[in-house]
């Protein structure tokens with residue numbers, strides 16, 4: 485079974501803090517994704533990566549950056565957290581030949 | 006206009022009944038289509054792919070209408086465990102690989 489894990493299930497941070505969200509997958513997938521999910525807006529793609537050290541902007545990259553130093557790990561960074569970044573963050577992975585994405589359990593981030 | 010639109014519901018369904026709902030997509034270049042299921046406070050998981058000829062998986066039937074740009078999901082003999090949010094997902098292959106776009110989800114509540 486594919487396993488995608490995320491470093492925290494719940495996180496509370498203060499405005500202006502730097503926040504790191506980590507995602508690890510164990511299926512040797514090339515592709516990894518970060519989404520945020522908000523009520524009424526569905527899942528929105530923040531950033532994705534198709535290879536180590538490679539990143540592409542998704543639909544809402546502003547206020548975020550990412551890092552992919554190893555194939556299995558994809559990190560999402562909030563350089564200076566703001567209250568409008570309070571959300572559920574979901575990481576996913578897939579291989580290029582697959583259209584299916586496998587999701588981690590999500591991190592609920594609250595920015596005060 | 007959102008790329009993928011769904012009725013948010015909730016659809017309140019008596020146990021044993023049939024429920025059906027649609028999803029419309031705006032990008033005619035979309036190539037493949039999926040239904041994902043998301044339980045409360047959990048990550049999305051692939052329910053089934055949707056192909057041009059439509060397909061069935063047990064009590065679930067998915068249909069695609071390319072001319073009208075919608076897909077549908079029908080659940081027969083609803084079980085309490087079918088209560089979830091159903092996400093319509095559309096894939097468009099680009100130079101960088103597959104890009105999934107998610108609808109906001111349709112919530113289904115199956116009641117005894």
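Protein chains in written order, with this note's numbering: chain A, 485 to 596; chain B, 6 to 117. Every residue gets a Cβ at the ideal spot worked out from N, C-alpha and C, and that includes glycine. Here the structure is a predicted model, which is why all the values come from computation and not from measurement.
Asked, Found
"Beta carbon of residue 585 (chain A) nearer than 8 Å to that of residue 577 (chain A)", "yes"
"Same chain, Cβ closer than 6 Å to residue 551 (chain A), five either side skipped, listed in chain order", "559"
"At least 3 beta-carbon pairs within less than 8 Å: the region 81-99 of chain B vs the region 507-518 of chain A", "no"
"Beta-carbon proximity check, residue 109 (chain B) vs residue 11 (chain B), cutoff 8 Å", "yes"
"Distance, residue 547 (chain A) Cα to residue 39 (chain B) Cα", "30 Å"
"Chain B residues whose Cβ lies nearer than 7 Å to that of residue 489 (chain A)", "Going along chain B, no residue has its Cβ under 7 Å from residue 489 (chain A), so there is no contact; the nearest lies around 11 Å."
"Residues bridged to residue 498 (chain A) (per DSSP)", "Answer by DSSP bridge pairing: none, since residue 498 (chain A) is not bridged."
"Backbone CA spacing between residue 490 (chain A) and residue 103 (chain B) [nearest angstrom]", "22 Å"
"Through-space distance from residue 521 (chain A) to residue 589 (chain A), alpha-carbon basis", "12 Å"
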